[in-house]
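**Q** The sequence shown begins at 23 in the working numbering and counts up one residue at a time.
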Amino acid sequence: MALIDIEDVEGSRILTLNHQKPTNPFGKEMAKAFTTALSEADGDDRVSAIVVHGGVDRSFSAGGDFNEVMLLATDESVDDLIDWITELYLTVLDTGKPTIAAIDRHAIGLGFQLAMMFDWKIMSTRANLAMPELEHGIGASMGAAILSTISSYDIARHALMSCRPIGPDTALRWGMVDESCEPEFLLDRAMQRAARMARYPHIAFSATKHVLTGRLRASLEQTRQDSKAVHRQSFAAKAMHNHFSNILGKNAKAPVGALS
């Protein structure tokens with residue numbers, strides 16, 4: 023089964039996250055499949071815009087893959103984790119064509135942060151964004167860098183330290199997403215936005231985007247080493263391992279995002 027389903031519709035490419043779990047957790051293999059598909063779409067002259075969603079009645083992404091996280095045992099493996107997550111985010115920011123995220127159900131931790139990399143974000147009325155890392159003993163340094171860059175210190179502080187879900191009304195007010203709609207219209211709305219943005223002349227759009235995303239790209243690079251140090255300390259403290267063990271042991275269906 024392919025981890026990413028690919029479909030072209032009237033000049034827009036739809037990338038559907040197709041993990042076997044409906045929460046669409048991201049591990050290294052999922053990230054590689056996604057960045058490969060995104061880069062191929064960016065380089066395909068037949069494609070003018072890119073839409074990403076988690077599939078019908080599935081989460082955009084409820085975070086990192088707990089099964090992989092539990093295997094991290096060395097500083098080097100933690101560093102590799104931060105590197106591939108950083109490259110995942112940068113690949114979206116470096117995409118020259120318009121990117122639209124269609125967010126349903128949950129976008130948690132890594133999934134929340136990934137969604138923030140897109141040029142346009144549309145959120146269903148039943149969806150939520152969340153950064154619950156701190157209450158589970160997981161460092162939130164990347165989330166801190168991203169949210170303080172795209173919003174403000176106070177918004178980032180509240181999102182990270184409350185650890186509570188953010189619904190569409192608050193996400194719109196805080197500028198985290200651009201539109202909200204009922205779930206059944208989510209993909210259609212994303213395709214309409216893609217069609218509109220696809221009409222922008224490519225050179226003007228991509229050059230402007232490169233400037234617009236410059237601070238965020240720089241922030242991700244600057245926090246890369248800090249995040250490695252934070253996650254090394256977090257993993258050494260082992261507070262998160264009890265949380266992950268409980269989730270995996272109970273085979274819980276309720277998503278609790280990980281990694282930032």
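Note that beta-carbon positions come from the ideal geometry of N, C-alpha and C, so glycine has one too.
1. Do you know how far the Cα of F207 is from the Cα of E155?
2. Enumerate, from N- to C-terminal direction, the unbroken beta strand (DSSP E) stretches of 3 or more residues contained entirely within the region 26-77.
3. Which term fits L136, buried or exposed, when burial requires 16 or more other beta carbons within 10 angstroms of its beta carbon?
4. Leaving out five residues before and five after L194 in sequence, what residues of the same chain have Cβ atoms less than 7 Å from its Cβ?
5. Specify the secondary structure class of I122 as computed by DSSP and reduced to three states.
6. Let me check understanding here. Comparing Cα to Cα, which of G118, P44, E98 lies closest to E223?
7. What would DSSP say about E14, mapped onto helix, strand or coil?
8. Between which two residues does the alpha helix (DSSP H) containing W106 stretch?
9. Looking at the structure shown, is G159 part of a helix, part of a strand, or coil, going by DSSP?
10. Just to check my reading of the structure: V100 and G161 have Cβ atoms closer than 8 Å, yes? What is that Cβ distance to the nearest angstrom?
11. Quick one, which of D79, V69, D27 has its alpha-carbon nearest R148's?
**A** On the basis of the supplied data:
1. 31 Å
2. 26-31, 34-39, 71-75
3. buried
4. S202
5. strand
6. The displayed chain sequence assigns Pro, not Glu, to residue 223. Checked all of G118, P44, E98; the closest Cα to P223 is G118.
7. Residue 14 cannot be examined here, being either before or after the span of the chain that is shown, 23 to 282.
8. 97-116
9. coil
10. Actually they are not in contact, since the Cβ atoms of V100 and G161 sit about 10 Å apart, beyond 8 Å.
11. D79
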